[in-house]
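**Student:**
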Amino acid sequence: MAKNFLKFEYLLLFAVFIIATCGLIYELVAGTLASYLLGDSVKQFSFIIGVYLFSMGIGSYFAKFVKKNQLNTFVEIEILVGVIGGLSSVILFILFEKVDYFQFILYLLVFVTGCLVGLEIPLLMNILKEKVKFSDLVSNVFTFDYIGALLASVLFPLILVPKLGVMKTSLFFGMINVSVAILLCFLLSKELKRPILLKLKAVGAFVLLLLTFFFSDQILSYSEQKLYGENIIFTKATQYQRIVLTHTKNDYKLYLNNNLQFSSADEYRYHEALVHPVMANAKKIENILVLGGGDGLAVREILKYKEVKKITLVDLDEGMTTLFATNTILTKFNDNSLTNPKVKVINRDAFLWVKEENNQYDAIIIDFPDPSNYSLGKLYSLNFYKSLKKIVTPEAAIVIQTTSPYFAPKSFWCINNTVNEVFPNADAYHVYVPSFGEWGYTIASNNNTADFSKVNRKVGGLKYYDYQYKKLNFFPKDMKAKDLEINRLDNQILVRYFDEEWGKL
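Just so you know, we're using the UniProt record's numbering here: the sequence shown kicks off at 1 and counts up by one.
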């Protein structure tokens, strides 16, 4: 009898472990999809985790009203969490392009999942309270619950998303949830009421999730086709982002987490304006550092200068740099720049790498994504630019892509002002890129007397840039902003400016 009860207790605790693991996985899936579509991943994850924890509290409260058939209810919760959580990614992907509906359904799914997960702990305690010492019961339940949460938080970014992708991850864990319900149905059939009905529900739910998992690639292709409105020819989920390549007529477009990275029709404007002013102005260009720019397009432009002996590219995402070094479509765009013997690729967080670097560089080209969240905002901070200043030669020139001065003037000039706090000489310029509109850059030097319009060298064959820097240096009134704070690590005001300005669009 004691042995049977021990099996009964640990089966239910194992179910708690699974439901805790799966519950957090579903919220991580929701947060990831929200950040893909809505931007500002920190804010989206914060809202979603907040709603999830609140809804768990609501579920815990209502657990006290479950007086009858508690074990049956516990098993049904396992089935419901598996079905709702497992299918959540499918629902959200299909509604991806409907932003208003997407947000409503997103938080509804988070709330419902949280309520169900919140129900299971007090429900389990009520089932076992007459049979287990209270102190042991509480410690066991919460131990299994928190271990499950830890496992989910580790597995999700390191293994699940890179290997399975977001949609298959939620469906896979939905099947795990329902499998536990099936296990409980068969092993505890004597303690359950109407066990046959429960078994049918559990098996039916598993079959539904399995079929959806089998057709998930087609569902994903359909939803992304609707979202982009273009022919999708390549998709890849890395540890850090989802990469989508589309093709229409003679134009290829690359999207990272649903944000346009470049269009092959006009990317030359952006990259020529990013690279050639600083390469023309620097006193020497033998040793060049590129931060970001994992697509190799900035490196392509740098390699046009014969004086360049070494290029170090630091980009966080190995999946991105590997893709642009091996994919035959993408290597045509960057002229196989990432496999050039002059180029060394380092996959690390640039913020940490720069702090540890001791070499000095003749020019630095910075092509980070826009500061849409705090993890990116640190790369535009005063602290980062102080670290950067230590690894440049006295006559070096630095350029930073600094978002749109037309759509986001506060963000643009905040970055420029922050750079000016560190480097004695900083200036700004902008260029029109049809796919993006007006786009801006900050150029800086350790040399207080540097004249950024001075041309020390040229290369031929450029499609756009004509080495007339002053033509790009004029800013009309609607591209200016005043009374802005410096972007520091402890305030991250830039992220707030960016969210405020781009959020209107």
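The C-beta atom is built at its ideal place from N, Cα and C for all residues, glycine as well.
From leucine 316 to tyrosine 240, what does the alpha carbon distance come to, in whole angstroms?
**Tutor:** Each residue's alpha carbon lies about 8 Å from the other.
**Student:** Less than 7 Å between C-beta atoms, sequence neighbours within five positions excluded: which residues of the same chain meet that for lysine 386?
**Tutor:** So the qualifying residues of the chain are Val422.
**Student:** Three or more C-beta pairs under 8 Å: does that hold for the stretch 45 to 65 against the stretch 164 to 174?
**Tutor:** Touching, no.
**Student:** Using the three-state DSSP reduction, which class does glycine 82 fall into: helix, strand or coil?
**Tutor:** If DSSP states are grouped into helix, strand and coil, glycine 82 belongs with the helices.
**Student:** Take every Cβ of the stretch 112 to 121, pair it with every Cβ of the stretch 203 to 215, and state whether three or more of those distances are shorter than 8 Å.
**Tutor:** Short answer: they don't touch.
**Student:** Would you say alanine 273 and valine 431 are within 8 Å of each other, going by their C-beta atoms?
**Tutor:** Yes, these two residues count as a Cβ contact at 8 Å.
**Student:** One question on the structure: do leucine 13 and valine 178 come within less than 8 Å of each other, judged by their Cβ atoms?
**Tutor:** Contact flag unset, no.
**Student:** Quick one: what's got a C-beta closer than 7 Å to asparagine 425's C-beta in the same chain, skipping five residues either side?
**Tutor:** Ala444, Ser445, Asn447, Asn448, Ala450.
**Student:** Does the beta-carbon of threonine 143, which I'm using as the reference point, lie nearer than 7 Å to any heavy atom of the ligand ATP?
**Tutor:** The ligand content of the structure shown is nil, which means the ligand ATP is not present either.
**Student:** From the DSSP output, which residues share a beta bridge with threonine 442?
**Tutor:** Paired residue(s): Ile400, Ala428.
**Student:** Over the uninterrupted alpha helix (DSSP H) stretch that includes aspartate 499, give me the two end residues.
**Tutor:** Per DSSP, aspartate 499 belongs to the alpha helix (DSSP H) from 493 to 503.
**Student:** Which whole runs of the alpha helix (DSSP H) in the stretch 189 to 221 are 4 residues long or more, in chain order?
**Tutor:** For the stretch 189 to 221, whole alpha helix (DSSP H) runs of length 4 or above, ordered along the chain, are 195 to 214.
**Student:** Look at the Cβ atom of glycine 292, then the Cβ atom of alanine 350, and state whether they are nearer than 8 Å.
**Tutor:** A contact, by the Cβ cut-off of 8 Å.
**Student:** Please go through the stretch 113 to 177 and give each complete alpha helix (DSSP H) segment of 4 or more residues, from N-terminal end onward.
**Tutor:** Qualifying alpha helix (DSSP H) stretches, in chain order: 134 to 155.
**Student:** In whole angstroms, give me the CA-to-CA distance for threonine 312 and threonine 246.
**Tutor:** Computed Cα separation, rounded: 29 Å.
**Student:** Could you tell me which of Ile288, Leu330, Thr73 sits nearest to valine 314, measuring between CA atoms?
**Tutor:** With distances taken between Cα atoms, valine 314 lies closest to Ile288.
**Student:** Report yes or no: is there a C-beta of chain D within less than 8 Å of the C-beta of leucine 198?
**Tutor:** The structure shown has no chain D; it contains just one protein chain.
**Student:** Does DSSP classify serine 179 as helix, strand or coil?
**Tutor:** In the structure shown, serine 179 sits in a helix (DSSP, three-state: H, G or I).
**Student:** Output the residue ranges of the beta strand (DSSP E) runs that lie fully inside the stretch 258 to 314 and measure 3 residues or longer, sorted by chain position.
**Tutor:** Runs found: 259 to 263, 287 to 292, 310 to 314.
**Student:** List in chain order: all unbroken beta strand (DSSP E) runs of 3+ residues lying wholly within the stretch 335 to 394.
**Tutor:** Those beta strand (DSSP E) runs which fall completely within the stretch 335 to 394 and span 3+ residues are 343 to 346, 361 to 367.
**Student:** If distances are taken between C-alpha atoms only, which option among Ile91, Val308, Lys310, Lys344 comes closest to alanine 325?
**Tutor:** Closest option to alanine 325, Cα to Cα, is Lys344.
**Student:** Would you tell me roughly how many angstroms separate the C-alpha atoms of glycine 460 and isoleucine 365, rounded to the nearest one?
**Tutor:** Rounded to the nearest angstrom, the two C-alpha atoms are 20 Å apart.
**Student:** Does the beta-carbon of lysine 253 have 16 or more other beta-carbons within 10 angstroms, so that it is buried, or is it exposed?
**Tutor:** Classification of lysine 253: buried, given that the 10 Å Cβ count is 16 or more.
**Student:** My guess is that isoleucine 182 and phenylalanine 144 are in contact by the Cβ rule of under 8 Å, so how many angstroms apart are they, rounded?
**Tutor:** Between phenylalanine 144 and isoleucine 182 the Cβ distance is about 19 Å, and since that is not below 8 Å, they are no contact.
**Student:** Measure the beta-carbon distance from valine 278 to glutamate 301 and round it to whole angstroms, keeping in mind my assumption that it falls under 8 Å.
**Tutor:** Not confirmed; about 10 Å, so no contact.
**Student:** Which word fits lysine 332, buried or exposed, when buried means at least 16 other C-beta atoms lie within 10 angstroms of its C-beta?
**Tutor:** Burial call: exposed.
**Student:** Here's a check: name, in chain order, each residue in its chain whose Cβ is nearer than 6 Å to the Cβ of threonine 403, leaving out the five neighbours to either side.
**Tutor:** Counting only Cβ-Cβ distances below 6 Å, and skipping sequence neighbours, we find Asp370, Ser411, Phe412.
**Student:** Apart from the five residues on each side of it in sequence, which residues of its chain come closer than 6 Å, Cβ to Cβ, to leucine 151?
**Tutor:** The answer, listed in chain order, is Thr21.
**Student:** Can you tell me which of the three DSSP states leucine 106 falls into?
**Tutor:** Of the three classes helix, strand and coil, the one that applies to leucine 106 here is helix, per DSSP.
**Student:** Rank Asn257, Val495, Ile233 by C-alpha distance to the C-alpha of leucine 379 and give the top, closest one.
**Tutor:** Answer by Cα proximity: Val495.
**Student:** Mapping DSSP to helix, strand and coil, what is aspartate 317?
**Tutor:** Coil.
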